[in-house]
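Chemist:
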Amino acid sequence: MKAEQWTRGLVRVISYLVLLFTVCISLVPLLWIVVSSFKSNKAILNTPFALPTDFNFHAYYAVLKMNNFLSNTFNSVLISVTSTLVALLFYALAAYSFAKFDFIGKRILFILFSVTLLIPGHATAQPIFSFINITGLYDTRLALIVVYISAGLAVSLFILRASFMSIPKELDEAAYMESASFWQVFFYINLPLAKAGLATAGILMFLGNWNEFFYGFMLTSSAENRTLPVALQFFTEQFSYNYTQLFAALTLVTLPSIMLYMVAQEQVQQSVVSGGVKG
Amino acid sequence: MYKYNKRWVYLFIVPTLIVFLTFYFVPILTVFTTGFTEWNGFNAPKFIGLANYKMMFFDDNSITVSLINLLKWSLIAAFIHVPFGALVAFIMYKRPVGWRFVRGVFMIPNVIAVSAWAIIYRFIFNDQMGLLNNFIRKLGFSDFHTNWFFDRQYAFSAISLTWVFYAVIVTLLVLSDLMAIPRELHEAATIDGATEAQIHWRINFPLIRGSLGTAVILSVIARITMFEAIFLTTKGGPGNSTYNISVMLYDGIINYQFGYANAVATVMIILGIGVLAITTKVFKMNKSVYN
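Protein sequences appear in the order of chains A and B.
Sequential numbering of the first sequence, starting at -19, is according to this note's numbering.
Sequential numbering of the second sequence, starting at 428, is according to this note's numbering.
Shown next as structure tokens:
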């Protein structure tokens, strides 16, 4: 009996140590960045573990005053919001048809759309790069909007189809009886009831777009057209030894994602389980 | 039956179909076919048979290095990353104090931009002001100096450390499977005198194999597409010790070697499908769990 209690206690201690470890590796890097953004360059180098002595936002002012930071922020907001909304509309329309109707070619189309999930993200980069060049969209915000719309196709379709399927067909029939049109039944009855699915898919796509680097980097060339994750890379060169400002910039770029996550924790976690993307 | 115009049903598919054709179907066909050509994007592609593949596998050692790195990273994913995430899930399943907080916090590194994360790690592993070296120096090795990302000996491990323990996706997948296990199964087992270890090993473990398999697939595919963590830290170096297939593809594209880049992309797609097929088999994911 004694031995059993011992092992139980030991398992408990180890469990908490593992949890403590996960909290540390997740928070310490970010806390370090935030704390250092309030320290002088010298303090960052000489007393790396000390807290800031004099609390001020100078570094943040400097970053915000920099030529392109605000336009980069604006780009990120514009591109992520637009592409997410358009994508949500597109995939909600398709998901609705797939969920509630039978039509010729339904199976094959759904399989084709699903298979896109298996294509490793960047494998189609060259044709997309050329497409953007040929259409004259290179180095424009529209290029990124268009590419990001395509990013969440399969996962959003899965999530949205499932939510439309869970809406009882009797509701639609009742509306048709009242001579509602196809569009009205979709827009006024089904779409509002699929709110949870729309939120899950939307947040998943928004976070993906907000954080995207590869295409953002490849499809833009001028500083004012960059998104924040891409601009960050150039800040590191620009600031090279001004760590304080660099850490302030890093804080400003990561903060919105973390805040969105804190507001919508449940949806983000849900979307990971249902979508299982990124990692 | 109510009446509606059937045309609407098709109309609703059209936008998605256009996106599919433009950004998936045509690009994939382009990738597969132009992999057999020499093409710089300005002239018409010239058919050269398997020359790109021959060059890739026999003349240029980048693909060999990339594939070896991928294999090593996949093993790390399958034997450290996924088990660690699953371990955290098993601990959380017991609902210890603060487990919701830990679950919330563990997710944070995954919601911020990978590029920001890579740059943060670039500083953590920096020689002079890096958190890691300062910590080691604090422990008493006061003249310790290593520039982790730029030292041939450590660069590979340094890159691995930027992701190996950040396994929250594995944790969430396994946790949701664990929570779906009917309570009666555990009660029945306890009545029959099963110990906790036996319950884990004989009941829980087989029932979560689906999410374990999914986790392996996702994390290995993430290794194939891993880009920022390398491009923003070591750029594949020193030498090509941390090179991978995504960076290789990127290099091909920006150097306008489109045919070669697409041969690389083809290998990438085949790898992705191969990982899926093998993992599905190993974890028996095509067989129902409850029956």
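Just so it is clear, CB atoms sit at the ideal spot from N, CA and C, and this is done for glycine as well.
Predicted model only: the values in this text are computed from it and were never measured.
Got a sec: is the Cβ-Cβ distance from Y168(A) to anything in chain B below 8 Å?
Modeler: Here residue 168(A) refers to the residue found at position 188 when the first sequence is read from its first residue. No - not a single Cβ of chain B is within 8 Å of the one on Y168(A).
Chemist: Could you confirm whether any beta carbon from chain B is found closer than 8 Å to the beta carbon of H277(A)?
Modeler: No answer is possible for residue 277(A): it lies beyond the span of chain A, which begins at -19 and ends at 259.
Chemist: Bridge partners of T464(B), per DSSP?
Modeler: By 1-based counting over the second sequence, the position of residue 464(B) is 37. Answer is F474(B).
Chemist: Out of I125(A), N170(A) and M157(A), which one is the CA nearest neighbour of G188(A)?
Modeler: The count along the first sequence starts at 1 and reaches residue 188(A) at position 208. Ranking the options by Cα distance to G188(A), first place goes to I125(A).
Chemist: Using the Cβ count rule (16 or more neighbours within 10 Å means buried), how would you classify P523(B)?
Modeler: For the purposes of this step, residue 523(B) is taken as residue 96 along the second sequence, with counting starting at 1. Exposed is the call here.
Chemist: Closest by CA to F450(B), which one among Q247(A), L0(A) and S110(A)?
Modeler: Reading the second sequence from its first residue, position 23 is the one you call residue 450(B). Closest option to F450(B), Cα to Cα, is S110(A).
Chemist: Going straight from the alpha carbon of T598(B) to that of V515(B), what length do you get?
Modeler: The count along the second sequence starts at 1 and reaches residue 598(B) at position 171. The count along the second sequence starts at 1 and reaches residue 515(B) at position 88. Near 6 Å, if we compare the C-alpha coordinates of V515(B) and T598(B).
Chemist: Say whether chain B places a C-beta atom closer than 8 Å to the C-beta of T64(A).
Modeler: By one-based count along the first sequence, residue 64(A) stands at place 84. It does not: the Cβ of T64(A) has no partner Cβ on chain B nearer than 8 Å.
Chemist: Just to confirm the assignment, what range does the alpha helix (DSSP H) spanning R530(B) have?
Modeler: Translated into positions along the second sequence, residue 530(B) becomes position 103. W526 to V538 is the extent of the alpha helix (DSSP H) around R530(B).
Chemist: Given a cut-off of 8 Å, decide if S489(B) and E655(B) are closer than it, judged by their beta-carbon atoms.
Modeler: Along the second sequence, read from residue 1 onward, the residue named residue 655(B) stands at position 228. Along the second sequence, read from residue 1 onward, the residue named residue 489(B) stands at position 62. No, these two residues do not count as a Cβ contact at 8 Å.
Chemist: If distances are taken between C-alpha atoms only, which option among T2(A), L199(A), L68(A) and A(-17)(A) comes closest to A594(B)?
Modeler: Here residue 594(B) refers to the residue found at position 167 when the second sequence is read from its first residue. With distances taken between Cα atoms, A594(B) lies closest to T2(A).
Chemist: Would the beta-carbon of T392(B) fall within 8 Å of that of P107(A)?
Modeler: The structure shown does not extend to residue 392(B), since chain B is modelled only from 428 through 718, so no value can be given for it.
Chemist: Mind checking the region 90 to 112 of chain A against chain B and listing, in chain order, the residues whose C-beta falls within less than 8 Å of any C-beta there?
Modeler: From the region 90 to 112 of chain A, only L92, F93, T96, L98, I99, P100, G101, H102, A103, T104, A105, Q106, P107, I108, F109, S110 and F111 have a Cβ closer than 8 Å to chain B.
Chemist: Just to confirm before moving on: does the CB-CB distance between R650(B) and A504(B) stay below 8 Å?
Modeler: In the second sequence, residue 650(B) corresponds to position 223, counting from 1. In the second sequence, residue 504(B) corresponds to position 77, counting from 1. In this structure, A504(B) lies closer than 8 Å to R650(B) by Cβ.
Chemist: Write down the C-beta distance between I139(A) and G101(A) rounded to the nearest angstrom, noting that I regard them as a contact closer than 8 Å.
Modeler: By one-based count along the first sequence, residue 139(A) stands at place 159. By one-based count along the first sequence, residue 101(A) stands at place 121. Rounded, the Cβ-Cβ distance is 19 Å, inconsistent with contact.
Chemist: Would DSSP call I99(A) helix, strand or coil?
Modeler: The residue you call residue 99(A) lines up with position 119 of the first sequence. In this structure, I99(A) counts as coil in the three-state DSSP scheme.
Chemist: Check each residue of the region 647 to 669 of chain B: if its Cβ is closer than 9 Å to any Cβ of chain A, include it; give the result in chain order.
Modeler: Residues I648, A649, I651, T652, F654, E655, F658 and L659.
Chemist: Is the shortest distance between the beta-carbon of M556(B) and the beta-carbons of chain A less than 8 Å?
Modeler: Within the second sequence, the letter at position 129 stands for residue 556(B). Yes - at least one Cβ of chain A is within 8 Å of the one on M556(B).
Chemist: Leaving out the 5 sequence neighbours to the left and right, which residues in its chain are closer than 8 Å to M606(B) when beta-carbon positions are compared?
Modeler: The residue given as residue 606(B) occupies position 179 in the second sequence. The residues are Y520.
Chemist: Do G468(B) and Y379(B) have their beta-carbon atoms positioned less than 8 Å apart in this structure?
Modeler: What is shown of chain B runs 428 to 718, which leaves residue 379(B) out entirely.
Chemist: Which term fits T661(B), buried or exposed, when burial requires 16 or more other beta carbons within 10 angstroms of its beta carbon?
Modeler: For the purposes of this step, residue 661(B) is taken as the residue at position 234 of the second sequence. With 16 or more other Cβ atoms within 10 Å, it is buried.
Chemist: Considering only their Cβ atoms, is the gap separating A39(A) from T224(A) smaller than 8 Å?
Modeler: Position 244 of the first sequence, counted from the first residue, corresponds to residue 224(A). Position 59 of the first sequence, counted from the first residue, corresponds to residue 39(A). Their beta carbons are under 8 Å apart, which means T224(A) touches A39(A) by this criterion.
Chemist: Taking a Cβ distance cut-off of 7 Å, strictly less, list which residues of the region 220 to 234 of chain A are near chain B, in chain order.
Modeler: Result list: Y223, L230, V233 and T234.
Chemist: Have a look at K258(A) and A(-17)(A) and give me their C-alpha separation to the nearest angstrom.
Modeler: Your numbering for residue 258(A) matches position 278 in the first sequence. Your numbering for residue -17(A) matches position 3 in the first sequence. Its pLDDT being 39, under 50, K258(A) is placed unreliably by the model, and nothing is read from it.
Chemist: Do we get a CB-CB distance below 8 Å when we pair Y581(B) with the residues of chain A?
Modeler: The count along the second sequence starts at 1 and reaches residue 581(B) at position 154. No, because no Cβ of chain A sits closer than 8 Å to the Cβ of Y581(B).
Chemist: From this set, R141(A), S254(A), P236(A) and Q249(A), which residue's C-alpha is nearest S60(A)'s C-alpha?
Modeler: Here residue 60(A) corresponds to residue number 80 of the first sequence, with the count starting at 1. Closest by alpha carbon: P236(A).
Chemist: In whole angstroms, give me the CA-to-CA distance for V509(B) and F592(B).
Modeler: Looking up residue 509(B) in the second sequence gives position 82. Looking up residue 592(B) in the second sequence gives position 165. Looking at the two C-alpha atoms, the distance is approximately 9 Å.
Chemist: Given K499(B), which residues of its chain have a CB within under 8 Å of its CB, disregarding the five upstream and five downstream residues?
Modeler: Locating residue 499(B) in the second sequence gives position 72, where the first residue counts as 1. Here the set comprises F583.
Chemist: Determine whether the beta carbon atoms of V14(A) and A229(A) lie at a separation below 8 Å.
Modeler: Locating residue 14(A) in the first sequence gives position 34, where the first residue counts as 1. Locating residue 229(A) in the first sequence gives position 249, where the first residue counts as 1. No, these two residues do not count as a Cβ contact at 8 Å.
Chemist: Does the region 78 to 88 of chain A come close enough to the region 141 to 152 of chain A to have 3 or more Cβ pairs within less than 8 Å?
Modeler: Yes, they touch.
Chemist: Chain B partners of V14(A), CB-CB under 7 Å?
Modeler: Taking the first sequence and counting its residues from 1, one reaches residue 14(A) at position 34. Ordered by position in chain B, no residue passes the 7 Å Cβ test against V14(A), which lies about 11 Å from the chain.
Chemist: Would you mind giving the Cβ-Cβ distance between F533(B) and S6(A), rounded to the nearest angstrom? I have them listed as a contact below 8 Å.
Modeler: Counting from one through the second sequence, the residue named residue 533(B) turns up at place 106. Counting from one through the first sequence, the residue named residue 6(A) turns up at place 26. Rounded, the Cβ-Cβ distance is 5 Å, consistent with contact.
Chemist: With distances taken Cα to Cα, identify the nearest neighbour of N260(A) among V253(A), V233(A) and A244(A).
Modeler: Nothing about residue 260(A) can be reported from this structure: the residues present for chain A run from -19 to 259 only.
Chemist: Indicate whether at least one CB of chain A lies closer than 8 Å to the CB of V529(B).
Modeler: The residue labelled residue 529(B) in the question sits at position 102 within the second sequence. V529(B) counts as touching chain A.
Chemist: Return the CA-CA distance between I495(B) and M675(B), expressed in angstroms with no decimal places.
Modeler: Counting from one through the second sequence, the residue named residue 495(B) turns up at place 68. Counting from one through the second sequence, the residue named residue 675(B) turns up at place 248. Between I495(B) and M675(B), the C-alpha separation is close to 14 Å.
Chemist: Determine whether the Cβ of W435(B) lies closer than 8 Å to any Cβ atom of chain A.
Modeler: Position 8 of the second sequence holds residue 435(B). True, the Cβ-Cβ gap to chain A drops below 8 Å.
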